[in-house]
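Here's the structure we're looking at; comments come further down.
Next comes the structure, spelled out in structure tokens:
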């Protein structure tokens, strides 16, 4: 119990001394440290010491970054990330809410002799001293930095392209275009924070470059430095109202948009371009999107399209979308008639009596100019025959004056139209099966006539046979009569002799 009270008393006294000490300072040091990154060190009673990393987190780092005017905390490195310090370890078990103005205002305990070693020295990585451009565009203007809770300018002494390159990179802009001097973007006001800045060009922030120190200068605002950087624009998105194919002579809408990083980016220009054609439209937009309409689409609008977004001479290009112009033809209708009544409908199709005429009619409801109908015959021998006629009032008739057995097969219609040198073909109509049959007269002629002839021949045969027999019998009778007469005469002669 006494030990806990003693520790609490000791912590209270140390905290009070740190909180009330006007001489307590903070700095960042160590290997590869910078103005806003390094090992955290605190000076107390003119002696510099480190902070142990027990319970060290982003809230603690945020307080340090704020205290140093280094923006927001990006990381809270532990285990002597920036190298081992030396001397005393002033603080341990630091616990900040993140809102404190100084690290010594956070809850902590002073390290005991053996509770922590320098291989656990805490560090911070801050975003750096905030930098902005005061000008008309996102990536060009007068350079201003935020230090000691105040925005101030930079003197143009020794200001060059290396310094500009660092500022452009720090602001997320593109490459350095020019180093502006002599208050090219107008005179600022308030403090002049930096002078004689000398960057190698590889620094991550302007405050890491060599300079005379914050607030030390021999300038006036007539020498405020500025930069002109290219703009790294976000990649535009492209969206088409008709995904896939676009019907010929219809309208299509294509929308280009960006996700702006700044309101200043909303003052750019969208361009919709046909990659392999001549189509190009531009629109200046105060919002993050622009919609382009292509009316009455023809085949010359077929192809790939891209969106371009331009701002401050910088251009960003979207992915591409395909406008595929097509003609969707409906399935035509087909019917068959026989003007002279030679058509008989049967379950398997339509029977046409041999020798009679028949007519196929193909129709559709298309509104395309011109076009032809093809009547296709798939014969019994699987041979494909095509007859072609122009479409007149969405119809074409195919006449066959005399049906014969070569007309047997399945018939179908196909519609074709040629638009802008492209030919489009409809699906085939439902087929009609034509069966050619003999006529009644032909049946009689082919069946009964030979039978009649046969019967006639048989009748003639028997007729001549009867006639012949009759003649033979008559002859025999005549011969008998002669013999009988001779016998009578002989008998009469004998009687006379006697």
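Numbering (mature numbering (1 follows the signal peptide of the UniProt record, and there is no 0)), first residue to last: -23 to -1, 1 to 475.
The C-beta atom is built at its ideal place from N, Cα and C for all residues, glycine as well.
Check                                                                                                                                                                                        : Outcome
Taking the straight line between their C-alpha atoms, what separation do you get for residue 82 and residue 298?                                                                             : 59 Å
Considering only the alpha carbon of each residue, which of 313, 253, 212, 274 lies closest to residue 266?                                                                                  : 212
So what does DSSP say about residue 384, is it helix, strand or coil?                                                                                                                        : helix
Tell me whether residue 42 sits in a helix, a strand or coil according to DSSP, three-state version.                                                                                         : helix
Going by other Cβ atoms of all chains shown within 10 Å of its Cβ, with 16 needed for buried, is residue 187 buried or exposed?                                                              : exposed
Residue 119 lies in the beta strand (DSSP E); which residues open and close that run?                                                                                                        : 117 to 124
What number of angstroms, rounded off, separates the C-alpha of residue 41 from the C-alpha of residue 247?                                                                                  : 44 Å
Fully enclosed by the segment 320 to 401, which beta strand (DSSP E) runs are 3 residues long or longer?                                                                                     : 320 to 323, 326 to 330, 335 to 340, 349 to 356, 361 to 367, 372 to 377, 386 to 396
Using only the alpha-carbon positions, how far apart do residue -2 and residue 114 sit?                                                                                                      : Residue confidence for residue -2 is low, a pLDDT of 38 falling below 50, so the modelled location carries little weight and cannot support an answer.
Output the boundary residues of the alpha helix (DSSP H) element that contains residue 142.                                                                                                  : 138 to 147
Taking Cβ positions, are residue 13 and residue 71 nearer each other than 9 Å?                                                                                                               : no
Please classify residue 277: does DSSP put it in a helix, a strand, or coil?                                                                                                                 : helix
Which residues in the same chain have their Cβ closer than 8 Å to the Cβ of residue 121, if we skip the five residues on either side of it in sequence?                                      : 108, 109, 110, 111, 128, 129, 130, 131, 165
What's the gap between the Cα of residue 54 and the Cα of residue 252?                                                                                                                       : 50 Å
Where does residue 235 fall in DSSP's three states?                                                                                                                                          : coil
When DSSP builds the beta bridges, which residues end up paired with residue 153?                                                                                                            : 206
Which same chain residues end up closer than 6 Å to residue 102 when comparing Cβ atoms and leaving out the 5 residues on each side of it in sequence?                                       : 14, 51, 52
Would you report the Cα separation of residue 94 and residue 5, rounded to the nearest angstrom?                                                                                             : 18 Å
Given that a residue counts as buried once 16 or more other Cβ atoms are within 10 Å of its Cβ, and exposed if not, what is residue 477?                                                     : Residue 477 is absent from the model: the chain starts at -23 and stops at 475.
Quick one: Cα of residue 310 to Cα of residue 382, how far?                                                                                                                                  : 25 Å
DSSP three-state label for residue 171, please.                                                                                                                                              : strand
Give every residue of the same chain whose Cβ lies closer than 6 Å to the Cβ of residue 236, excluding the five residues on either side of it in the sequence, and list them in chain order. : 211
How long is the line joining the alpha carbons of residue 339 and residue 286, rounded to whole angstroms?                                                                                   : 52 Å
State the DSSP-derived secondary structure class of residue 185, mapped to helix, strand or coil.                                                                                            : helix
DSSP state of residue 79, grouped into three classes?                                                                                                                                        : coil
Under a Cβ-count criterion, where at least 16 other Cβ atoms within 10 Å of its own Cβ denotes burial, should residue 97 be classed as buried or exposed?                                    : buried
From this set, 280, 410, 217, which residue's C-alpha is nearest residue 270's C-alpha?                                                                                                      : 217
How do the segment 345 to 363 and the segment 326 to 333 stand: do at least 3 beta-carbon pairs fall below 8 Å, yes or no?                                                                   : no
Measuring only the C-alpha atoms, how far is residue 191 from residue 167?                                                                                                                   : 13 Å
Could you pull out every residue in the same chain whose Cβ sits closer than 7 Å to the Cβ of residue 229, ignoring the five residues on either side in sequence?                            : 217, 218, 219, 223, 271, 274, 300
Let me know if residue 333 comes out buried or exposed under the rule of 16 or more other beta-carbons within 10 Å of its beta-carbon.                                                       : buried
Over what stretch of residues does the beta strand (DSSP E) that includes residue 52 continue unbroken?                                                                                      : 50 to 52
Measuring CA to CA, which of 174, 170, 160 is closest to residue 139?                                                                                                                        : 174
In this structure, how does DSSP classify residue 436 when only helix, strand and coil are distinguished?                                                                                    : helix
Hey, how far is the Cα of residue 226 from the Cα of residue 294?                                                                                                                            : 28 Å
Once the 5 residues before and after residue 397 are set aside, which same chain residues still bring their CB inside 7 Å of it?                                                             : 275, 276
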